[in-house]
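Shown next, in C-alpha cells, is the structure this report addresses.
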Amino acid sequence: MVSPISHLPLYLVLLLSVSLANSASLQESFIQCLYYNSDRTFQFRSSVYAPTNPSFTTILDSSAQNLRLLVPSAPKPEFIFTPFRDSHVQAAVICSKKLGIHLRVRSGGHDYEGISYVSEIESPFIVVDLVKLRGINVDIQSNTAWVQAGATTGEVYYRIYEKSSVHGYPAGLCTSLGIGGHITGGAYGTMMRKYGLAADNVLDAKIVDANGRILDREAMGEDLFWAIRGDFVREPIPEIGLEGLWQRLLVEDSPLIVFNPYGGRMSQFAESDTPFPHRNGTLYKIQYLSLWQEGDKNAEKHIDWIRKLYNYMGPYVSSLPREAYVNYRDLDLGINTKNSTSYIEASSWGYRYFKNNYDRLVKIKTKVDPQNVFRHEQSIPPLPL
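Sequence positions in the sequence shown follow mature numbering (1 follows the signal peptide of the UniProt record, and there is no 0) and run -23 to -1, 1 to 362.
This is the structure we're talking about:
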C-alpha cells in the first residue's frame, strides 16, 4: 500500500498543472479575441505576459509604487496586457467582458492601495498596463497638449519645456504620476492657487467606455466628461493640537506630513464644478506618510501608527463628512464586496471623497456603466436596474 504522504507531491503537481492549463486557456482565448476585435496584423502575443513569462514580474513591479503590495502573498493578475494603440484598449475591454474576466487598468501605479494592479475582491483578474501609451503632442500656439494616459507628469513637463520655457501645467510634484489616474482624481500641484487643479484645465478627452466605444467629449456628453476628471483643514489647528501632532511624529521611524495650502484660484470654483469638491473654505490639505523598506516586515507597526495619527487629528479637520482626497485612497474607509456594490455601503467613502457630487457620480455610473464593468474596491456603484 502506498502511504498518503507519497501521493502528496503528485497531487500538488496535478493541481498546479490544471491551474496553469486554465490560465493558459484564458490567455489564449484573450489573445484570439484581441485579433478578432482589433488589428489582425499586430503581434499581440508579444504584448501579453503570463506569470510563466520571465518578464512578468519585471513588468508588474515596474510602476508599482508600494513595496508592501509586491510581496509574494499579494494577489497577482492572470496576465498583463500592454497595448500600443487606443484600439487595443478598446479590444481589451470588449474581450474582458466576453470572457468574464475582471479588468484592472494601470496608468502610473501611483496608488497607496495599489488597486490598479492588485485585486482583493475579484479573481481572476488581468491588468491592462498603459505603459506604452505615453504619446505627448504639445501645441504652444494654441496653449494645448494631447497626452496619452500612460504618460507621466515628468514626461509632460519635459515635453512642454522642449517647446517653451514660459509654459507649464498645474499638476503634481511626483514625476512618476500617470496622467490618466492623476487627472481623474483632481490632480493638485504647486501652481493650484494660481491655476487650479490639473482637472480644471482639461478641455477634451478620449475614453473607452464600458461598451468598448472610443468617445471624445462631444460623443460622451458633458455629464460623463464632468465625471472623469489626507485630510482637509477648515479652521486653524490650535497650538495644543500641533504639539500633540509633533509628539506623535517623534515616535515613528520615518514619518512625513505634507501641508498643501489652498485659496486663490481654488476658491473660485464651486464644489460641483468637477467631482473634486474640496474648494472654497479649505485652508490646506494634510497628507500623512510613513516610509519603510522592509515590505511586509513590520508593516502592521507602521500602519497602526498612521491609523492612530489619523484618529488623533479627527477633532482638527473637516467633519460631517470628514473629507478625504480620492488620490490618497484609503481602504480603511470601506470597500465594495465581491460581485456586489451598494449605494449605501459605498457612501461611507463616496461622500468623503466627493461630498454631494457622489450622488451625481452614481447617476452617471448607472447611465454609462450599468453592468459595473469598471469596478474596484472603492469604485462608484451603479443603482440597481
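In this text, a Cβ means the ideal position worked out from N, Cα and C, and glycines have one as well.
I'd like to check one pair, residue j with residue i: are the Cβ atoms closer than 8 Å?
i	j	result
N178	P254	no
I113	V82	no
A68	L80	no
T130	G145	no
R352	N288	no
L308	E354	yes
R17	I8	no
K315	E99	yes
W269	N275	yes
V210	Y293	yes
I191	A176	no
A301	R329	yes
F58	S96	no
Using only CA atoms, which one of the options lies nearest to residue i?
i	options	result
S208	S119, S295 and P347	Reading the sequence as shown, one finds Asp at residue 208 and not Ser. Selected option, being the one with the closest Cα: S295.
S231	C151, H279, E248 and E199	H279
A204	E229, G158 and R211	G158
G91	Y320, S249 and Y305	Y305
S267	G85, G258, L227 and G173	L227
Y138	A128, I117 and V124	I117
E248	A196, E220 and L174	L174
V303	R111, G162, E195 and A128	G162
G77	N30, L110, N43 and L3	L3
I341	K183, L180, S93 and E199	E199
S141	G166, A164 and V115	V115
M290	R256, Y165 and E220	E220
P52	P101, P31 and Y89	P101
A164	T34, F19 and D88	D88
L297	S324, E271 and S32	S324
E229	G166, E277 and S153	E277
F236	F246, P213, S50 and P54	P213
Excluding the 5 residues preceding and the 5 following residue i in the sequence, name in chain order all residues of the same chain whose CB lies nearer than 7 Å to its CB.
i	result
F331	P252, P254 and L338
V66	P60, V105 and V185
S319	P358
L201	I341 and V345
L362	P347
S6	L76
H(-17)	Legend: pLDDT at H(-17) = 38, less than 50; position of this residue unreliable, value from coordinates given subsequently. Excluding residues within five positions, none has a Cβ falling inside 7 Å.
Beta-carbon within less than 6 Å of residue i's beta-carbon, same chain only, minus the 5 sequence neighbours each way: which residues are those?
i	result
T343	P359 and L360
G327	Y335
A122	V115
F33	Y26
L(-14)	Residue confidence for L(-14) is low, a pLDDT of 42 falling below 50, so the modelled location carries little weight and cannot support an answer.
L107	S84, A126 and G127
N43	G91
Under the assumption that residue i contacts residue j (Cβ atoms under 8 Å), give the Cβ distance between them as a whole number of angstroms.
i	j	result
Y26	F56	6 Å
G85	A41	Between A41 and G85 the Cβ distance is about 10 Å, and since that is not below 8 Å, they are no contact.
A126	I103	Contact doesn't hold; Cβ gap of about 17 Å is too wide.
K75	C10	6 Å
A187	D63	With a Cβ gap of about 16 Å, A187 and D63 do not count as contacting.
G218	I71	Not a contact, Cβ separation roughly 53 Å.
Excluding the 5 residues flanking residue i on each side, which residues of the same chain have their C-beta closer than 8 Å to its C-beta?
i	result
D170	Reading off the sequence, residue 170 comes out as Arg, not Asp. Answer for R170: P238, Y239, G240, G241, R242 and M243, listed in chain order.
D38	L47
Y172	P147, N178 and R242
I234	L222, L226, I263, Q264, Y265 and L266
L111	The amino acid at residue 111 is misidentified as Leu; the sequence shows Arg. Hits under 8 Å: Q125, G127, A128, T129 and E132.
L(-8)	Only weak support exists for where L(-8) lies, its pLDDT of 45 falling under 50; the coordinates are left without a value.
Quick one: what's residue i bridged to in DSSP?
i	result
Y265	I234
L76	L76 is not bridged to any residue.
S317	T314
A122	V115
T34	In DSSP, T34 forms no bridge with anything.
A129	The displayed chain sequence assigns Thr, not Ala, to residue 129. DSSP output for T129 lists G155 as bridge partner(s).
V105	F58 and V82
F209	K262
I184	L192
V25	F58
Taking 7 Å as the cut-off, is the CB of residue i close to at least one heavy atom of the ligand SAM?
i	result
D346	You won't find the ligand SAM in this model; it holds no ligand whatsoever.
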